[in-house]
Amino acid sequence: MNYQEILDKLRECYPEVKTALSFQNPFELLIATILSAQSTDKQVNKVTQSLFEKYPDANAISLLSPEELEQEIKSIGLYKNKSKNIVTTSKMLVEKYNGIVPCTREELIALPGVGRKTANVVLSNAYNIPALAVDTHVFRVANRLGLTQSSNPLQTEEQLMVIIPEKDWSDAHHWLIWHGRIVCKARRPECQKCRLNHLCQYLNKSV
DNA sequence: AACTCGGGGCA
DNA sequence: TGCCCAGAGTT
């Protein structure tokens, strides 16, 4: 399998690296990424605009009750868990890190609501620390294209980091997500429109 | 490994 | 009306 050919094709298909959650500072990116779990980026962007206007930092959100935060974010779904986690996370940021989002994977994952994928997003996008975030799209698309042969997201992450140059980890994350959302969808992938179908095994084999 | 959280967008 | 969404925590 020619990995480089697939990666070149992805870069060609998605030349400008699009980030659905384009947040400037680490705190906003962290909260937006926690909120994005199983929710669409449209839903998240709609909620975060007013949220960060009223409560711009960890200290402000740490003073809210989970019920108060629920009212701000209830339109995105899964809001009870997310409200509780975000308030607790904000309190931990204030108490342990002086309100600053930490920049190690271990410290990030220790925050409630933050798993490996969210931690990697913050590391790579907010702190420019090389990390390859694997979500459901990346996991599915990388397997279908034959970039990986993986049974869980951590395996996908490890295998992709071997194949892809470190400088491209963040870009590759976005290529694979965009491809997964637009073409290589979970249920009804549009293989006839896919510009990688000539070198993809998913069309001929059923994965 | 399976289950739960969930309102809103869209066909 | 039914299906699905930039995951994480619990059992």
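The first sequence runs 1 to 207 under this note's numbering.
By construction, the Cβ of each residue, glycine as well, lies at the ideal position given by its N, Cα and C atoms.
On a CA-only basis, which of the options is nearest residue i? Give me that one, please.
i	options	result
T40	G77, L29 and F52	G77
V156	K193, A172, S170 and V134	Looking at the sequence provided, one finds Thr at residue 156 rather than Val. It is V134 whose Cα lies nearest to the Cα of T156.
P26	S170, I177, E106 and G99	G99
K225	T104, Y55, S75 and E28	The structure shown does not extend to residue 225, since the chain spans only 1 to 207, so no value can be given for it.
E5	K167, G180 and I163	I163
H173	L145, A131, C103 and D57	A131
N59	S90, N81, P112 and K82	S90
R105	V94, V122 and S50	V122
P56	L30, K9 and A119	L30
I129	S170, H137, V114 and Q149	S170
Whole angstroms are fine: how far does the CA of residue j sit from the CA of residue i?
i	j	result
I34	S151	24 Å
K185	C200	14 Å
H44	I73	The sequence given here places Val at residue 44; His does not occur at that position. The straight-line gap from Cα to Cα measures roughly 8 Å.
N85	R188	34 Å
Y97	S65	20 Å
F52	A110	23 Å
E28	V17	20 Å
M92	V101	10 Å
E107	N2	37 Å
List the whole-angstrom C-beta distance separating residue i from residue j, where the pair is believed to meet the contact cut-off of C-beta under 8 Å.
i	j	result
A37	L21	About 12 Å; that fails the 8 Å criterion.
A126	L176	Between L176 and A126 the Cβ distance is about 20 Å, and since that is not below 8 Å, they are no contact.
My output table needs one value for residue i: the three-state DSSP class, helix, strand or coil.
i	result
Q43	helix
L145	helix
A119	helix
T33	helix
K91	helix
L196	coil
P66	helix
A126	helix
C13	helix
P153	helix
V138	helix
T48	helix
Y3	helix
V207	Caution applies to V207, whose pLDDT of 44 falls short of 50 and renders its modelled position unreliable; the model cannot decide the point.
P26	helix
Y55	coil
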